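If you count by mature numbering (1 follows the signal peptide of the UniProt record, and there is no 0), then the sequence shown holds residues -20 to -1, 1 to 218, one letter each, in order.
Cβ coordinates follow ideal geometry from the N, Cα and C atoms, glycine included.
All values derive from a computational prediction rather than experimental measurement.
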Amino acid sequence: MKKLLLFALFVLSTACNFNSNNKTDFSNKKENSEIKKENPQLNSDIFLTDTLAINKQYYIQKSRNKSFYCLTSINGDTIIKPADYYFDVEYLDINEDGYDDIRIYFVSNIPNQCDNYLYNKELQKFILIEDCELDIRKIKGVPFYYSYNKAGCSDLNWESHLSKIENFKLINYGYILGHGCDFEVEKNPQSISVYKIISPKAMKLIQKLPYLKNIPKNEDKWSFIERYWQKNYRTFEK
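The following block contains the structure:
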């Protein structure tokens, strides 16, 4: 184990460094240590490194100023390239296949905006899900997922998609637009509109529900979204 950790730290000296003109000095590095860049303009940046075991394989995670920065294999292969807009990372089983996947959150005005990577057990690698920038949730026992996204009026308006992951791409099947804004309800009545997606450019309204009857309090929208998709996902199968 000691040899493995020493090797991991050797790999770290080149890991996640894609700019040859701005190299980091790792001469005094140690695992789980804080590292400062020599560049005077960047000497406020603090890097933290960790060796992780994911799906029985070892990886090196690098954080910058307490935010996720990049991920490499123990051999130095790039898994997640470094980016300044990353904020946090989760290792969780997104598709419930028994293997951990990766979810990386962005610095954004959308708090649940993220990239999602599924673990491919045959290739033993993580693959980015295309067109998937929200923290999707799987409907238990079926190949459908649903999402949530705020849509204005202090989060009283919102939207949710019903989707499948097909060839590592998110395909939308259904859409809910929740209009819970209580401003000028005479002109803009509160409502829940449910659509079936016919094509990438077309969808059909299939149901309109009274808002307050289904969501009497703003916090009730989470359970409504989950229940609705669980109960009605078959309606949206193509």
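Endpoints, the beta strand (DSSP E) within which residue i is located
i, result
"T31", "I26 to I34"
"Q93", "That residue, Q93, is in no beta strand (DSSP E); it is neither H nor E in DSSP."
"I40", "Q37 to R44"
"I107", "K105 to L108"
"C50", "S47 to S53"
"T215", "Per DSSP, T215 belongs to no beta strand (DSSP E) and is neither H nor E."
Cross-strand partners of residue i (DSSP beta bridge)
i, result
"residue 240", "For the chain, the structure presents residues -20 to 218; residue 240 sits outside this window and is missing."
"R117", "Y126"
"D81", "L72"
"I60", "L51"
Among the options, nearest to residue i - alpha-carbon criterion
i, options, result
"F27", "I34, P62, P196 and N35", "P62"
"T58", "Q41, G160, N45 and D200", "Q41"
"T31", "I107, S24, K201 and N55", "N55"
"residue 281", "I145, G121 and I156", "Residue 281 is absent from the structure shown; the chain starts at -20 and stops at 218."
"W209", "Q170, K118, K167 and D135", "K118"
"residue 219", "Y65, I116, C94 and F204", "Since the first residue of the chain shown is -20 and the last is 218, residue 219 is not available in this structure."
"K197", "L142, V122 and Q170", "Q170"
"K193", "N35, F216, Y213 and G160", "G160"
"D73", "D200, K218 and I34", "I34"
Proximity test, residue i beta-carbon vs the ligand FMN heavy atom, cut-off 7 angstroms
i, result
"S143", "The model depicted lacks the ligand FMN and carries no ligand whatsoever."
Residue i at chain C interface by Cβ criterion, 8 angstroms
i, result
"I109", "Given the protein chain composition of this structure (a single chain), no chain C is represented."
task = Within the region 129 to 204, note down every full alpha helix (DSSP H) run reaching 4 residues or more, in order along the chain.
result = You should have 191 to 194.
message = Within 8 angstroms, do at least three Cβ pairs link the region 88 to 98 to the region 165 to 180?
response = With the rule of 3 Cβ pairs closer than 8 angstroms, the region 165 to 180 does not count as touching the region 88 to 98.
inquiry  = Can you confirm whether the region 77 to 86 touches the region 95 to 114 when touching is taken to mean that 3 or more C-beta pairs between the two stretches lie within less than 8 angstroms?
reply    = Because the criterion of three Cβ pairs below 8 angstroms is met, the region 95 to 114 and the region 77 to 86 touch.
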